[in-house]
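Colleague: Per this note's numbering, the very first residue in the sequence shown carries number 6; after that it's consecutive. Ideal placement from N, C-alpha and C gives every residue a C-beta, glycine not left out. Please read these numbers as outputs of a predicted model, since none were measured by experiment. Dumping the structure here so I can ask a few things about it.
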Amino acid sequence: MLIRLFRSTQIFPVAVLILISIAISLISWSLHYSVVAPNGMPLYDLISGLFMKSGATTVAKSSIFSAILVFVLVTTQALHLNFVLNKHEVFFKQSWLPSLIYLIIASIIPQFIWFSPLLFVNTILIFALDNIFGLYKNTGALALAFDSAFLLSLSALFYFPAIVFVFVYVISILILRPFSWRDWLVGIMGFTLPFFFAFLYYFLTDKLNAFYDKVFVSGINKTIALQHLYTYQYTFSLFWIAVLFCLALFRLQKNYFKNVTKSRLTQQILLILIPVGVIMVLVSREESLYRFSILAVPFSAYVSYYFLSGKKMWLLEIMLLVLVGGWVYNYFIA
6 MLIRLFRSTQ IFPVAVLILI SIAISLISWS LHYSVVAPNG MPLYDLISGL
56 FMKSGATTVA KSSIFSAILV FVLVTTQALH LNFVLNKHEV FFKQSWLPSL
106 IYLIIASIIP QFIWFSPLLF VNTILIFALD NIFGLYKNTG ALALAFDSAF
156 LLSLSALFYF PAIVFVFVYV ISILILRPFS WRDWLVGIMG FTLPFFFAFL
206 YYFLTDKLNA FYDKVFVSGI NKTIALQHLY TYQYTFSLFW IAVLFCLALF
256 RLQKNYFKNV TKSRLTQQIL LILIPVGVIM VLVSREESLY RFSILAVPFS
306 AYVSYYFLSG KKMWLLEIML LVLVGGWVYN YFIA
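This is how it looks when you write it as structure tokens:
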């Protein structure tokens, strides 16, 4: 039922999507909601300080306004990602499926929709992808290249490990554009500008040393520990997402050369987001699961492609039902 509904391009699925997002937000608020503490990065500290008590690591249900903001961010992310994928013809057919799958995967674990810096990073990342995808054969590429680099750097002022997304820009330029020193120069300018203004602000307020210690001394985990990455209670849903992702890759490989060149290149960039996102998770100082939500963007895009390209509707509906069942288990049982 949902697969058939969201495969269309009619406006009605948007209303259904908003209702689903409201239901997810209410369930999260009543069961698992928290606000992640300020992390030393100026933009997240500015916003999170409005919603929580000083000195706490996380504060459950600290503000109804923060929960409303989470709802707005997640819903707009789902719609915006759908718009970007359709606008740049990343897949062979337009639909509302990416928004539905994103909404499910971006909330598959309760910590994913805590009020956290990753919510803002994901929002900025989708805007950056829109600009990056537009670089292909674009005569006005310099402005888009600057905006892309600026946005990716801006995300690091919410969550410093997101600085690794510099690799996404570098690889995207290599894939989408012939070599031009101007693309690299404006990229460097775009990346440095947000941190230039941040350092200038802290210098003028005589807090530069504290900011330097917080970001460059303790902002990145120097020793990568893997033992905390495994969380057994969410194994089933994460395993099922991995299965759907692998099935999508096999199907995409089968149809790969049937796509136009731009579609193939943008699909590669989405795939690159996964290892870069894993690197971001590994170098993060935090051990909370919310940081894995950065992977929702690429995984939801590929999983939605699988549901979009499938032929046996009854089988696809069952597979989606299993995914939703994993979500239900994570919230009410695990």
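Just list the alpha helix (DSSP H) runs in the stretch 171 to 221, keeping only unbroken ones of 4 residues or longer that don't cross its boundaries, in chain order.
Modeller: Secondary structure in the stretch 171 to 221: the alpha helix (DSSP H) runs of 4 residues or longer, each lying completely within the stretch, are 171 to 181, 186 to 209, 213 to 217 in chain order.
Colleague: Can you list, in chain order, the residues of its chain whose CB lies under 8 Å from that of Ile-355, leaving out five sequence neighbours each side?
Modeller: There is simply no residue 355 to check, as the chain begins at 6 and stops at 339 in what is shown.
Colleague: Reducing DSSP to helix, strand and coil, say where Val-40 ends up.
Modeller: strand
Colleague: To which residues does DSSP link Phe-120 through a beta bridge?
Modeller: Val-40
Colleague: Grouping DSSP H, G and I as helix and E and B as strand, with all else coil, what is Tyr-164?
Modeller: coil
Colleague: Would Lys-212 pass as an interface residue toward chain B - the criterion being a Cβ-Cβ separation below 8 Å?
Modeller: Included in the structure is just one protein chain, with no chain B present.
Colleague: State the Cα-Cα distance for the pair Tyr-307 and Leu-78, rounded to the nearest angstrom.
Modeller: 21 Å
Colleague: Kindly indicate the opening and closing residues of the alpha helix (DSSP H) around Asn-260.
Modeller: 240 to 260
Colleague: What residue from Ala-167, Leu-328, Ser-185 has the CA that sits closest to Tyr-107's CA?
Modeller: Among Ala-167, Leu-328, Ser-185, the Cα nearest to that of Tyr-107 belongs to Leu-328.
Colleague: Leaving out five residues on either side along the sequence, give the residues of the same chain with a beta carbon under 7 Å from the beta carbon of Ile-109.
Modeller: Leu-328, Val-329, Trp-332
Colleague: Could you check how far apart the C-beta atoms of Gly-192 and Ile-178 are, in whole angstroms? I think they sit under 8 Å.
Modeller: 7 Å
Colleague: Please report the Cβ distance between Leu-270 and Ile-131, rounded to the nearest whole angstrom; I am assuming they are in contact, meaning their Cβ atoms lie under 8 Å.
Modeller: Incorrect: roughly 18 Å between the Cβ atoms, too far for contact.
Colleague: Return helix, strand or coil for Lys-92, following the three-state DSSP convention.
Modeller: helix
Colleague: Check for me: the alpha helix (DSSP H) holding Ser-293 runs from which residue to which?
Modeller: Neither: Ser-293 is in no alpha helix (DSSP H) and is coded neither H nor E.
Colleague: When you compare each of Phe-120, Ala-111, Asp-188 to Ile-52 by their alpha carbons, which one comes out closest?
Modeller: Phe-120
Colleague: With distances taken between CB atoms, is the gap from Tyr-207 to Phe-125 smaller than 8 Å?
Modeller: no
Colleague: For Thr-210, count the other beta carbons within 10 Å of its own beta carbon; 16 or more makes it buried, fewer makes it exposed. Which is it?
Modeller: exposed
Colleague: Ordered along the chain, which non-local residues of its own chain (more than five positions away) have a Cβ less than 8 Å from that of Thr-80?
Modeller: Taken in chain order, the residues that qualify are Leu-22, Ile-23, Ser-26, Leu-108.
Colleague: Measuring straight from C-alpha to C-alpha, what distance separates Phe-165 and Met-46?
Modeller: 7 Å
Colleague: Counting C-beta neighbours from all protein chains within 10 Å, is the total for Asn-136 16 or more, i.e. buried, or is it exposed?
Modeller: Burial of Asn-136 is indicated by the presence of at least 16 other C-beta atoms within 10 angstroms of its C-beta.
Colleague: Which residue wins for smallest C-alpha separation from Val-173, given the options Arg-290, Lys-316, Ile-284, Lys-259?
Modeller: Ile-284
Colleague: Since Met-324 and Leu-249 are thought to touch, with beta carbons under 8 Å apart, how far apart are those beta carbons, to the nearest angstrom?
Modeller: For Met-324 against Leu-249, the beta-carbon gap comes to about 7 Å, under 8 Å, which counts as contact.
Colleague: State yes or no: is the C-beta of Asn-91 within less than 8 Å of the C-beta of Gln-99?
Modeller: yes
Colleague: Considering only residues of the same chain and omitting the five flanking positions on each side of Ala-61, which have a CB-CB separation below 7 Å?
Modeller: At Ala-61, the pLDDT of 45 sits below 50, so the modelled position is not reliable and the matter cannot be decided from this model.
Colleague: State buried or exposed for Arg-12, treating a residue as buried only when at least 16 other CB atoms are found within 10 Å of its CB.
Modeller: buried
Colleague: Output the distance between the C-alpha atoms of Lys-212 and Phe-200, rounded to the nearest integer angstrom.
Modeller: Each residue's alpha carbon lies about 14 Å from the other.
Colleague: Whole-angstrom Cβ separation of Val-171 and Leu-134, contact assumed at under 8 Å?
Modeller: Their Cβ separation, rounded to whole angstroms, is 15 Å, which puts Val-171 and Leu-134 out of contact at 8 Å.
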